[in-house]
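*Asks:* If you count the sequence shown from 1, you need to add 2 to reach my numbering.
Glycine included, C-beta positions come from ideal geometry on N, C-alpha and C.
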Amino acid sequence: MKTSTTLHHAKRQEPISALPIGKIIETGMTHPSTQEIISGIRMELIQILVRASILRIILRNYKNPKIIFRIMKTFRMLRRSILGHKRIRKIACVDGKYYWDLYTPGFKSPAFTNFFEGEANRIIPIRKDANRFTNVFIAFTKKCTLHCEHCFEWDALNGKESLSLADIKDIVRKLQHKGTGQIQLTGGEPLLRVNDIVDILSTAKPDTDFWVLSSGYNLTLGNAIKLRRAGLTGIVISLDHFDPTIHDQFRGSENSFAWVQAAVKNSIAANLITALSICATKSFVTESNLMKYAELAKKMGVSFVQILEPRAAGHYKEMDVTLTKEQTEILEHFYLKMNYQKQYEKYPIITYHGYHQRQVGCFGSGNRNLYVDTDGDLHACPFCQTKRGNALSDDLDASIENLQIIGCHNFKSFSD
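1. Tell me which residues share the same chain as Gln329 and place their Cβ nearer than 6 Å to its Cβ, disregarding the 5 neighbours each side in the sequence.
2. Would you list, in sequence order, the uninterrupted beta strand (DSSP E) runs of no fewer than 3 residues that lie entirely inside the segment 53–112?
3. Please classify Thr182 as buried or exposed, where buried requires at least 16 neighbouring CB atoms within 10 angstroms.
4. Using only the alpha-carbon positions, how far apart do Ser204 and Asn225 sit?
5. Measuring alpha carbon to alpha carbon, tell me which residue in Tyr100, Asp201, Ala314, Gly378 is nearest Glu46.
6. Spatial neighbours of Phe114 within its chain, please: C-beta separation below 7 Å, excluding the five flanking residues on both sides.
7. Given that a residue counts as buried once 16 or more other Cβ atoms are within 10 Å of its Cβ, and exposed if not, what is Phe306?
8. In whole angstroms, what separates the C-alpha of Ile23 from that of Tyr219?
9. Where does Leu51 land, buried or exposed, given buried means 16+ other C-beta within 10 angstroms?
10. With distances taken between CB atoms, is the gap from Leu370 to Asn137 smaller than 8 Å?
11. Please report the straight-line C-alpha distance between Asp97 and Pro127, rounded to a whole angstrom.
12. My output table needs one value for Asn404: the three-state DSSP class, helix, strand or coil.
13. So Asp377 is in the alpha helix (DSSP H); what residue range does that whole segment cover?
14. Here's the rule: buried if 16 or more other CB atoms are within 10 angstroms of the residue's CB, otherwise exposed. What is Ile26?
15. With Leu148 and Gly42 assumed to form a contact (beta carbons below 8 Å), what rounded beta-carbon distance in angstroms separates them?
16. I need the straight-line Cα distance from Val150 to Asp396, nearest angstrom please.
17. So what's Ile170 in DSSP terms, helix, strand or just coil?
18. State yes or no: is the C-beta of Lys294 within less than 8 Å of the C-beta of Phe244?
19. For Leu405, which option in His381, Ala393, Leu394, Phe385 has the closest C-alpha, if you only look at C-alpha atoms?
20. In this structure, does DSSP put Glu297 in helix, strand or coil?
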């Protein structure tokens with residue numbers, strides 16, 4: 003077993019991993035310049051390489067020209083159903099890999115190959131081991147130093163831990179056996195268990211991208227490099243306002259904004275894909291506020307900004323937090339403007355789930371996404387909390403089937 007662990011660890015290492023952490027910090031051997039937003043001719047060339055790579059993946063798995071044509075046509079139709087006829091104007095380049103979406107593995111990685119093999123297998127099934135999930139959230143700790151206004155794990159926060167490190171590893175093993183493109187470790191505050199994350203990453207198979215969702219607490223440069231060495235792909239850091247005082251109030255700590263600033267700097271320095279995430283509340287959603295946030299995100303140097311709509315779950319349970327139609331229209335306009343207008347090509351890429359959910363439906367509920375809570379129970383997503391089975395004690399396939407029957411609480415479920 004020890005040999006297997008060593009092999010997995012070696013596969014996930016990057017060049018920076020060869021040096022001791024102390025030496026890296028001492029000599030400043032981190033590379034913040036390797037994280038950038040690219041556009042124009044360079045981006046077009048990368049897009050050609052991406053399309054050629056997808057075609058090679060399909061050709062490797064399918065031999066019938068009619069089937070190959072059908073799969074490629076279905077890919078184009080799916081893309082068009084989500085984006086319409088809009089052309090991608092920018093992609094993020096981080097440490098030699100290319101990302102156009104926060105929830106799609108980077109080009110030139112094993113997870114990228116598995117992702118498109120899994121999508122092709124949904125169209126013409128030929129393999130049982132093709133990727134079952136695009137993304138799975140695992141809330142693997144109840145511990146947290148904050149008291150966030152919107153926390154979806156509020157009722158479990160700082161309670162007795164239910165999941166041991168061995169339990170988490172077992173859940174990861176099951177998910178990877180099913181095929182999972184992305185696993186996002188959340189909580190609570192996952193960086194309170196940095197060493198456990200390193201252990202999980204070092205023993206996991208290298209064909210899944212692992213992310214951490216964090217407030218930024220405890221992401222020192224040393225911890226960021228340690229996580230990168232173990233195989234972490236990226237980190238999503240919550241920043242809920244451009245105004246430090248308002249953000250700190252929202253998070254229940256006067257230090258929270260400073261943690262975010264330090265965490266972003268350290269994450270970029272460690273060559274982790276770095277994203278900000280905002281819960282866009284009723285009081286926040288104006289065009290002016292969104293642009294101020296975008297300017298700050300650009301200045302900080304992140305690759306992505308994720309916009310989440312507030313839901314009446316967790317600490318917001320039974321509260322009137324749902325955005326109005328006018329407010330979602332402001333968010334949609336902002337999303338389209340920032341991603342598809344030339345003058346914003348150097349700004350971070352905006353990920354806004356609500357736009358796609360209204361266009362084509364929700365990918366949660368076991369369709370492509372899944373949420374495992376701090377007790378190991380399975381839910382449609384972090385905000386649609388109706389548990390159907392347990393990842394450790396129940397049959398995973400039966401539990402997923404039950405989740406798909408229930409579907410998303412707020413949107414229609416996506417149908418392949």
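*Replies:* Per the coordinate set shown:
1. Working through the sequence shown from its first residue, we reach residue 329 at position 327. Only Val287 meet the Cβ criterion.
2. 92–96, 99–101
3. In the sequence shown, counting from the first residue as 1, residue 182 sits at position 180. Thr182 comes out buried.
4. One-based indexing of the sequence shown puts residue 204 at position 202. One-based indexing of the sequence shown puts residue 225 at position 223. The straight-line gap from Cα to Cα measures roughly 15 Å.
5. Reading the sequence shown from its first residue, position 44 is the one you call residue 46. Residue Tyr100 is the option with its Cα nearest to Glu46.
6. Within the sequence shown, the letter at position 112 stands for residue 114. So the qualifying residues of the chain are Pro107, Gly108.
7. Reading the sequence shown from its first residue, position 304 is the one you call residue 306. Classification of Phe306: buried, given that the 10 Å Cβ count is 16 or more.
8. For the purposes of this step, residue 23 is taken as the residue at position 21 of the sequence shown. For the purposes of this step, residue 219 is taken as the residue at position 217 of the sequence shown. Low confidence applies here, because Ile23 scores a pLDDT of 44, under 50, leaving its location unreliable; read the following figure in that light. If you take the alpha carbons of Ile23 and Tyr219, they lie about 19 Å apart.
9. Residue numbering aside, residue 51 sits at position 49 when the sequence shown is read from its first letter. Exposed is the call here.
10. Position 368 of the sequence shown holds residue 370. Position 135 of the sequence shown holds residue 137. Inspection of the sequence shows that residue 370 is occupied by Arg rather than by Leu. Contact: yes.
11. Translated into the one-based positions of the sequence shown, residue 97 becomes position 95. Translated into the one-based positions of the sequence shown, residue 127 becomes position 125. Looking at the two C-alpha atoms, the distance is approximately 34 Å.
12. Indexing the sequence shown from 1 puts residue 404 at position 402. Asn404 falls in the helix class under three-state DSSP.
13. In the sequence shown, residue 377 corresponds to position 375, counting from 1. Counting along the chain, Asp377 falls outside any alpha helix (DSSP H), and DSSP gives it neither H nor E.
14. Your numbering for residue 26 matches position 24 in the sequence shown. With a pLDDT of 41 at Ile26, under the threshold of 50, the predicted position of this residue should be treated as unreliable, though the coordinate-derived value follows. Buried, since its Cβ has 16 or more Cβ neighbours within 10 Å.
15. Within the sequence shown, numbered from 1, the residue matching residue 148 stands at position 146. Within the sequence shown, numbered from 1, the residue matching residue 42 stands at position 40. No, Leu148 and Gly42 are not in contact; Cβ-Cβ is about 40 Å, not under 8 Å.
16. Working through the sequence shown from its first residue, we reach residue 150 at position 148. Working through the sequence shown from its first residue, we reach residue 396 at position 394. Inspection of the sequence shows that residue 150 is occupied by Cys rather than by Val. Between Cys150 and Asp396, the C-alpha separation is close to 32 Å.
17. Sequence index remark: in the sequence shown, residue 170 carries index 168 (1-based). Three-state result, Ile170: helix.
18. Taking the first residue of the sequence shown as 1, we reach residue 294 at position 292. Taking the first residue of the sequence shown as 1, we reach residue 244 at position 242. Against a cut-off of 8 Å, the Cβ pair of Phe244 and Lys294 comes out as a contact.
19. On the sequence shown, position 403 is the one that residue 405 refers to. The residue with the shortest Cα to Cα distance from Leu405 is His381.
20. Here residue 297 is taken as the residue at index 295 of the sequence shown, counted from 1. Looking at Glu297 - three-state DSSP - the assignment turns out to be helix.
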